[in-house]
Amino acid sequence: MYKYTMKDINVGDGVYFKLEYQSNYDLFWTVISKKEPDILEIEINKMGANDRIFLKIEDVHSLEKRT
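Going by numbering that gives the first Met the number 0, the residue at position 36 of the sequence shown is 35; the numbering climbs one at a time, nothing skipped.
Here's what the structure looks like:
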């Protein structure tokens, strides 16, 4: 069982994530789309960082509700 489900996270919410090769606990990434069944498209555009990636729901470490 994962910490969060797709129902817990909405487009516009912020997430921290942890991957085997990268973790991010300093800036929340914004969810910009949800791809079924368990993929989130997230982006960061703050403090000079500008990136967009796809993330599995199981890799979400923390959630900031914005919606």
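Heads up, the beta-carbon is just placed ideally off N, CA and C, and yes, glycines get one too. Note that the structure is predicted; figures quoted are calculated from it, not measured.
Ile56 carries a helical assignment under DSSP once its states are collapsed to helix, strand and coil.
Proximity to Tyr24 across Thr66, Lys64, His60, Arg65 peaks at His60, based on C-alpha coordinates. In this structure, Ile56 keeps its C-beta atom at 7 Å or more from the C-beta atom of Val30. Look at Glu19 here: in three-state DSSP terms it is coil, with no helix or strand label.
Taking C-beta atoms as the reference points, Val14 and Trp28 count as a pair closer than 7 Å.
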